[in-house]
Structures are given as structure tokens and as C-alpha cells.
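Enquirer: Read top to bottom, the protein sequences are chains E and A.
Residue 873 is where the first sequence starts when you use the numbering used here, and the numbers rise one by one after that.
Residue 833 is where the second sequence starts when you use the numbering used here, and the numbers rise one by one after that.
Yeah, the Cβ is synthetic: ideal placement off N, Cα and C, and Gly gets one too.
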Amino acid sequence: MLALPLAGLFTPLLEPLQYGFMQRSLIIAVLVGLVCSLVGCYLMVRRLALLGDAISHSVLPGLAIAFWLGGNIFVGAFIAGIISTLLIAWIQVRSPIKEDAAMGIVFSAFFAFGITLITVIQKHNKIDLNHFLFGNILGVTIADVRDTAIIAAIVVGVIFLIYKELLFFTFDPLGAEAAGLPVHLLNFGLMALIALTVVASLKAVGVVLVLALLITPGATAYLLVTRLHQMMALGAGFGIAASVSGMYLSYWFNVPSGPAIVLVAFTGFMLAILFSPRYGVLTQPRSRSPISPIWQELKNLLPF
Amino acid sequence: MHTVATLSHHPAALIRVNHLGVQYREVNALEDVTVTIQPGRLTGLIGPNGAGKSTLVKAMLGMAPVVQGMVLYGDRPLAEQRHRVAYVPQRTQVDWTYPATVWDVVMMGRVRPTGWFQPFSVTSRQLAAAALERVGMMTYRDRPIGQLSGGQQQRVFLARSLAQAAEIFCFDEPFVGVDQKTEAVLFEVFQELAAAGKTVLVVNHDLGESITHFDDLILLNRTLVASGPRQQVLNAMNLERAYGGQVQFFAAEAA
């Protein structure tokens, strides 16, 4: 008797799984949610959130060229992402231009070049620019799943192997360099991990929104725990939860998967900022004023 | 009272800075600095703001654009022997909202000695624990670093350098914004390290009473003004040359 209503409860969850494309996209969602959150934690603690955005926009021309030449678009995208980080670093070293400006200059130029290329290619081939910009997780192939799994394995493996060096380097680059760690190599390795992660996430969320999946889960976890590995573990949980539930929302309500995933992640972040034991707006012990804390927060936001 | 700095058995060598010049783009940060730093003595690096004190330390370690000269430790460049160095940057150089505990930071001192792909050994944990104990921060072991006062942060950094079990210790402005207790702990530990035959170089800008803790001084202003035992360096003429005018300094026991 109990089995029937229970089965009814799970139908919305199980029903999509009978489709092959949905199985594939859910696997990708889990992998992407995992690697984005792990790598994003490093971006956040290094205050390089914008770099995630820069790399993700910069992969577009590589993607287009690889598609044009009939190569692996993941490889093309990765190469373009790496070239853009090298260019950003070069501008910083060779001129008084600061990092944020250098990133803005490089990523918008790469993005523009990518859009131009794709528009030209579109005239001869049937590809949809929107799929690159916003993701098309429902169109993933077995080959995509395989490539994403390989990238995820590399990223997780590298982080696991050099965790303690990356911790030292990201907390205190000078101290790490003075201790004799190869900081330039570590920095480049981190950039390569970010580029790989962005490339792996293209199908799921697209270049425009991948930043959210990189930053938001880690930031949510940062509000709740105090050590980097805890932040990464919890962030990975949040990232996976967001991308899987975003996928289901996309299926049920026929909305694009990228935006659905990002909005779920954002909802989680807002819950954390309101209810986190240490930083939560609504859980903070405050003076016994009769004014509701929400009203108090709103009042603080007003400029007068 | 137990000391932590007892691991290495190399005969202590001099650090020899020979005609060192450092240039950032068009700015000459240091010119023709020649000085030796002795093991077993507490050496203070003093000079006005912008004198290149931090730059000299970084250049010694190969972390600044050296355009001329060299820095030797024993018979090889110091920059190639960074594993013998414990360097503590200015406290404000790092982000103290970083998600780490006191223990995490102290264990960073064991990253290089541990080596790639290796987990921390029991010895490493013991060294880190002894270092934390020595600076009086053991009870804060699991505290997030964001919750520490400035002095406590500095003591955690000190513990990290002790845990490295290095031969050469370089501290950049460790006394800025710290409490009395921390200042006392810092000088105690510096003197213990010097007594154990280590090379201890401390960047400092304060010419007050605390200056009397140093054995040797290096007085710098873009180039070397004076160096040697404190009593020889600390006189009105040298300070006027370095600071370009009259400066107050602590001379109570000048002899």
C-alpha cells in the first residue's frame, strides 16, 4: 500500500531518467557541479573571481576555430583560454595597467573575436551561437560525457595531489616563493585548471554563466565553514545539488539548463547569507530592537 | 623552556651581499649594497620609509629584479638555497579572511620540507605543535585566522617560521601593530634563534628602545649607509645621512 504513493512521489524524479539524453546530461551536471566548485574555491580565496569570467569568455574563438577545422572543440577552447591568461599576465608585467583592467580588455576582445568567427561559420554550417553562450546540456553526446569525465578526473586528481602546495601558495604567495615553491608553475597550473574547468562546463551552462557555477557554491560554503578543504567539500555538494536540480527544473518547465542551474545556486547562496550561524543576517544576535532584521538591512542599504 | 630551532647541522655560513642593485622599471630601488650578515647574531635592517628594506630582503632571496651584484650563502647564491630560509612577509601582505585555521597556517611551514605528493609526517606535526607552544598560541590551534588579533597573527607567522626548522630567518616589519606581549615573545624567540647559531634578519623601522635588542644593524637608504655592531651604527651622523635630518633614537646605552 505504501509503495504506490511513494512511487508516485518519485515519478517526477525518475521519469526523466528513461531518456538517454537526460541520463547523459545528469552525469555531466554532477561532474561540472563538482569541478566548478572545487576550482572556484581557489578563484575566490585568491580574489580572482573576475578571472573566471575572463577565461570563460576567452574560450569562444578557440572553440570556433576548432569547430571550423574539424578538431576537438574542447582542445581549441582550452588553448584559447590559456592564451588569454598569458596575455593578461603579459599586459600586467609589461605596462602599468592593473590586473582588472587587463582582464576586461582581453576577455572582451576575445569574446568579440569569438562571436565574429561563429557568425561567419554559421553561414556555412548549422551551429547555434546560443548553445555556446548559454549551454545546451540536453544535446550532450556520449563523447561529451567521456571528455567531461576525463577533465574532471584530471582536475580532481591534480588538486588532490598538490593540495598543500596550493594552500600555501594561495594564502601567502610571497612566503611560498621564499620557501622555494615554484610559484609561477603553481599559478600557471591553477590557470590551466580553471581553463579546463570552464571548457568542461561549456555544454552545461555556457560561457556567459559559468562564472556563477565557479563562484557561488564556494562562496556559499565559505559562509558556513572555516577551512579550505571543508569549503571545497561543502561547495562541491552545493555545486552538484544546484546543477542536478537545475537540470530537473530545465526538464520540467522547459527552460534553458544554464540559467536554471545558476538561479538554484543563487537561491542557496541567499539562504546561506540569511541563515549562516556566523554571518547570517537573520541569525545574528542583535540588540533587542522592535524593528524586524529584514527592515533593518533594507534601511542600511538606502543612501539616506 | 624548549627551543624549536634545532634541526640543521650545517656549519653556519655568512650571507654576503655583493654590490647588489635592484631596479623596478625606471626606479632604482637599491644601488650597490655590499654587506655581510653574521650567523648567531640578531641583525636589524633599519632605514626610512622607501629605503628599500623589504626590497633588500626580497632581492637576497631572488624575489626582486636584481640588475647587478649577487648574494651568496656559503659558496652558492642564497636564492638557490631557499629551503634553508624561513621568510615572514609583512602581516598585511596576506588575506586574513582566508578560510584557514591557526594549525593550517603553521603547517604551511612544513610544506616544502615535506616535499611533493607526500602527506605531513608525525615529525612535522610535532615541530608545528612545538612551535605553536613556543609562541603561546597552542590554545588557538583550531581557531579560524580571521578571529585573531594583529599580535596573535604575527605569533602564528612566527610559529610557521619556527616549524620550517630553517637556518636563515627573515622577518619583514614583525612589530607593526602588535601588542606588548607579542613584541616580547618575538624578541625572546629571535634571541633564542641567534643563540642557536641561526642567522636572524629583522626589518624594522622603529628606532625606539626596542632597537637595543639587536646585536648588529644595517642602516639603509637606497644604498648602504652603515652596518656592523649596533653601537657603531647607531650614531647621529649615520642617522642624519640615512634620514636626511635630525632623528630621535634610543641611545641610553650607546657604548
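1) State yes or no: is the beta carbon of E/Glu1049 nearer than 8 Å to at least one beta carbon in chain A?
2) Just to confirm, is the Cβ distance from A/Asp1004 to A/Pro897 under 8 Å?
3) Please check if any C-beta of chain A sits within less than 8 Å of the C-beta of E/Phe1141.
4) With a threshold of 8 Å between beta-carbons, can A/Thr866 be considered close to chain E, or not?
5) I'd like to know if A/Leu893 contacts chain E, where contact means its C-beta is closer than 8 Å to some C-beta of that chain.
6) Please list the terminal residues of the continuous alpha helix (DSSP H) segment that includes A/Gly1060.
7) Output the residue ranges of the beta strand (DSSP E) runs that lie fully inside the segment 941 to 974 of chain A and measure 3 residues or longer, sorted by chain position.
8) Going by CA-CA distance only, name the one from A/Leu877, A/Ile878 and A/Ala891 that's closest to A/Gln855.
9) I want to see whether chain A comes within less than 8 Å of E/Phe1110, judged by CB atoms only; does it?
10) Helix, strand or coil for A/Met833, going by three-state DSSP, please let me know.
11) According to DSSP, is E/Asn944 helix, strand or coil?
12) So, does the segment 938 to 952 of chain E touch the segment 1113 to 1123 of chain E, judging by three or more C-beta pairs under 8 Å?
13) Helix, strand or coil: which one does DSSP assign to E/His1056?
14) For a contact defined as C-beta to C-beta under 9 Å, what are the partners of A/Pro909 on chain E?
15) Quick one: Cα of A/Phe949 to Cα of E/Leu1143, how far?
16) Anything in the segment 1038 to 1065 of chain E with a Cβ closer than 8 Å to a Cβ of chain A? List those residues in chain order, please.
17) With DSSP as the reference, label A/Tyr919 as helix, strand or coil.
18) What are the residues in the segment 1092 to 1107 of chain E lying within 8 Å of chain A by C-beta distance?
19) Which residue wins for smallest C-alpha separation from E/Gly1029, given the options E/Lys995, E/Thr1069, E/Phe985 and E/Phe1040?
20) Can A/Asn850 and A/Thr875 be called in contact, C-beta distance under 8 Å?
21) Could you tell me the alpha carbon to alpha carbon distance between A/Val1079 and A/Pro1061, rounded to whole angstroms?
22) How long is the line joining the alpha carbons of A/Val937 and A/Ala963, rounded to whole angstroms?
23) Given a cut-off of 8 Å on the beta-carbon distance, is the pair E/Ser909 and E/Gly1107 in contact?
Expert: So, from the listed chains and residues:
1) Cβ-Cβ to chain A under 8 Å: yes for E/Glu1049.
2) Cβ atoms of A/Asp1004 and A/Pro897: not closer than 8 Å.
3) So no, E/Phe1141 is outside the interface.
4) False, the Cβ-Cβ gap to chain E never drops below 8 Å.
5) Yes, contact with chain E.
6) It is not in any alpha helix (DSSP H) - A/Gly1060 instead sits in the beta strand (DSSP E) that spans Thr1055 to Pro1061.
7) No beta strand (DSSP E) of 3 residues or more sits fully in the segment 941 to 974 of chain A.
8) Considering only alpha carbons, the answer is A/Ala891.
9) By this cut-off, E/Phe1110 is not an interface position.
10) Because the pLDDT at A/Met833 is just 42, under 50, the model does not fix this residue reliably, and the value given afterwards should be weighed accordingly. In the structure shown, the three-state DSSP call for A/Met833 is coil.
11) Of the three classes helix, strand and coil, the one that applies to E/Asn944 here is coil, per DSSP.
12) Taking a contact to require three or more Cβ pairs closer than 8 Å, the segment 938 to 952 of chain E and the segment 1113 to 1123 of chain E do not qualify as touching.
13) If DSSP states are grouped into helix, strand and coil, E/His1056 belongs with the helices.
14) The premise fails here: A/Pro909 is roughly 13 Å from chain E at the closest Cβ pair, so nothing lies under 9 Å.
15) For the pair A/Phe949 and E/Leu1143, the Cα-to-Cα distance works out to about 38 Å.
16) Correct list: Leu1039, Phe1040, Thr1042, Phe1043, Asp1044, Leu1046, Gly1047, Ala1048, Glu1049, Ala1050, Ala1051, Gly1052 and Leu1053.
17) It is a strand residue.
18) Those residues of the segment 1092 to 1107 of chain E that come within reach of chain A (Cβ to Cβ, closer than 8 Å) are Tyr1094, Val1097, Thr1098, Arg1099, Leu1100, Gln1102 and Met1103.
19) Here the closest residue by C-alpha is E/Thr1069.
20) No, the Cβ-Cβ distance between A/Asn850 and A/Thr875 is not below 8 Å.
21) Counting only the Cα atoms, A/Pro1061 lies some 20 Å from A/Val1079.
22) So the two alpha carbons sit approximately 12 Å from each other.
23) Yes, these two residues count as a Cβ contact at 8 Å.
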